[in-house]
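In my numbering, each residue carries its 1-based index in the sequence shown increased by 1167.
Below: the structure, in structure tokens.
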Amino acid sequence: MENKKELRTWLDEMQLTHPLVIAGPCSAESEEQVLKIAHQLKNTDATVLRAGIWKPRTRPGNFEGVGEIGLKWLQKAKAETGMMIATEVANPAHVELALKHDVDVLWLGARTTVSPFIVQEIADALKGTDKIVLVKNPVNPDLPLWLGAVERLYTSNIKKLGVIHRGFSSFEKSKYRNNPEWQIPIDLQNRFPDLPLICDPSHIAGTRSLIFDICQTALDFNFDGFMVETHFDPDNAWSDAKQQITPETLVQMMIDLKVRKRQASSEDYLSELNKLRANIDILDDKLLGLLSKRMEVADGIGLLKKENNVSILQTNRWNEILGKMILRGEEKGLSEEFVLKIYKAIHQESISHQKKVIIK
1168 MENKKELRTW LDEMQLTHPL VIAGPCSAES EEQVLKIAHQ LKNTDATVLR
1218 AGIWKPRTRP GNFEGVGEIG LKWLQKAKAE TGMMIATEVA NPAHVELALK
1268 HDVDVLWLGA RTTVSPFIVQ EIADALKGTD KIVLVKNPVN PDLPLWLGAV
1318 ERLYTSNIKK LGVIHRGFSS FEKSKYRNNP EWQIPIDLQN RFPDLPLICD
1368 PSHIAGTRSL IFDICQTALD FNFDGFMVET HFDPDNAWSD AKQQITPETL
1418 VQMMIDLKVR KRQASSEDYL SELNKLRANI DILDDKLLGL LSKRMEVADG
1468 IGLLKKENNV SILQTNRWNE ILGKMILRGE EKGLSEEFVL KIYKAIHQES
1518 ISHQKKVIIK
């Protein structure tokens, strides 16, 4: 898929003076609920009303969506408010029903994106559609898999495309439900700057208290908008209650968020920016030098272990280093999450160096 400006056409044609906002409940629960939320969102920055119609859960037995009847509720909300409507589709049957009920925006969920087989089936069912189709990132951090799903849709002559960043699953403890791993959507932006990029702070956060900060970070990274789960009574929502906010909270959030310039051109700004970037370049060079020296020490440790027939991995030593570095990192204003990532990468590289020494 080549980078094409036509990918942004559908978003540009909306002529929004603010980031795109897709809002609505995690799940459509009743006609009354859908219509009430739609009318509460009608005169806000929300342009698109979202609601889950089919909700496959991780384990069976939980609420799994109301099914086709919910599409009729969305249609009625569209007629009464003029808002566009959106829902998730996970197979060709969903696509057929969504198109039949004139859904404006269809998105592929994280569990769907992981399967090229299912994505292709959906792409075939949508072939040539003029609807907007958005693709959530796969469950695990895999940029080629994410882009592959977009490419399959593009190849099926679907041009109104975009992606949704909803974070990634991890076995590691984190304050997020799904770790944002911001570098991955940033890499996607760098490769395809004209592909609209939308943040799903609800699924990244898992709890409403984190949503604002995630949205601000997304704006700072030049995201085009948000998909925010919104419910008039979030605590009693039938699914994902903890991560939904009220329409009133959404309105205030959009007031408080700061949309920053993508570029600044004043001479003073550019001069100061170049100075700071030069400092970063110098520090980066020093970092690489220190890391290289550290690996030289790792080579020496590998040789010593080889001579004494000692295994490479020493778990107690690794845990000791990790605990100590996390504490020192906190003292220097570095987050535990950041220190963990850095030292796991350093540890893995150190092990690789020791392996090379031992197998010689």
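By construction, the Cβ of each residue, glycine as well, lies at the ideal position given by its N, Cα and C atoms.
Going by beta-carbon coordinates alone, are residue i and residue j separated by less than 8 Å?
i, j, result
"P1363", "L1174", "yes"
"N1307", "F1335", "yes"
"L1355", "W1313", "yes"
"R1375", "I1412", "yes"
"K1222", "S1406", "yes"
"R1217", "G1249", "no"
"A1277", "P1305", "yes"
"M1251", "V1201", "no"
"P1347", "I1371", "yes"
"P1186", "G1500", "no"
Between the Cα of residue i and the Cα atoms of the options, which residue gives the shortest distance?
i, options, result
"E1247", "E1255, A1445, E1198", "E1198"
"Q1521", "V1317, G1496, V1464, W1485", "V1464"
"M1420", "A1277, K1243, D1380", "D1380"
"L1208", "E1415, P1360, H1370", "E1415"
"P1283", "E1196, G1315, A1260", "G1315"
"Q1515", "N1475, K1527, K1499, R1461", "R1461"
"L1417", "R1427, N1210, E1487, N1486", "N1210"
"N1229", "E1487, K1511, G1456, A1404", "A1404"
"I1325", "K1491, K1171, H1206", "K1171"
"N1486", "E1263, F1505, K1511", "K1511"
Is there a Cβ of chain C sitting closer than 8 Å to that of residue i, yes or no?
i, result
"F1393", "Absent from the structure is chain C; it holds one protein chain and no more."
In chain order, what residues of the same chain lie with their CB nearer than 6 Å to the CB of residue i, ignoring the 5 residues before and after it?
i, result
"G1373", "R1344, Q1410"
"A1385", "C1366"
"I1351", "P1308, L1310"
Do you know offhand how far residue i's Cα is from residue j's?
i, j, result
"K1442", "H1332", "33 Å"
"M1394", "P1368", "7 Å"
"A1292", "L1238", "18 Å"
"A1213", "D1297", "21 Å"
"S1438", "D1452", "21 Å"
"V1188", "G1234", "24 Å"
"I1518", "K1245", "58 Å"
"A1265", "Q1242", "10 Å"
"S1341", "D1179", "36 Å"
"I1378", "A1445", "34 Å"
"K1425", "P1360", "21 Å"
"E1497", "I1513", "18 Å"
"I1447", "Q1287", "44 Å"
"E1434", "I1509", "36 Å"
"R1427", "K1527", "54 Å"
"R1358", "A1431", "22 Å"
"G1219", "K1491", "45 Å"
"L1457", "L1450", "10 Å"
"A1260", "K1267", "11 Å"
"N1475", "N1483", "18 Å"
"I1236", "C1382", "32 Å"
"E1196", "W1240", "10 Å"
"K1303", "Y1436", "36 Å"
"F1505", "A1205", "40 Å"
Taking 7 Å as the limit between beta carbons, can you name the residues of its chain near residue i, skipping five residues before and five after?
i, result
"V1524", "D1466, G1469, L1470, K1473"
"I1353", "F1388"
"L1301", "V1272, W1274, G1329, V1330, I1331, I1365"
"K1327", "W1177, D1297, K1298, I1299, V1300"
"E1396", "P1192, C1193, S1369, D1407, Q1410, Q1411"
"D1269", "Q1242"
"L1454", "none"
"E1118", "This structure does not reach residue 1118, given that the chain is present from 1168 up to 1527, and the question cannot be answered."
"V1281", "P1305, V1306, L1312"
"L1440", "none"
Keeping to the same chain, check which residues put their C-beta closer than 8 Å to that of residue i; ignore five residues upstream and five downstream.
i, result
"I1285", "A1257, N1258, T1279"
"K1203", "F1399"
"R1429", "N1389"
"L1507", "E1339, L1489, I1493"
"S1502", "G1496"
"W1349", "T1384, F1388"
"M1181", "L1187, T1214"
> Within the chosen definition, does the segment 1310-1321 reach the segment 1471-1482 through at least 3 CB pairs nearer than 8 Å?
Replying inline: no
> If you pair each beta-carbon of the segment 1278-1294 with each one of the segment 1255-1262, do three or more pairs fall below 8 Å?
Replying inline: yes
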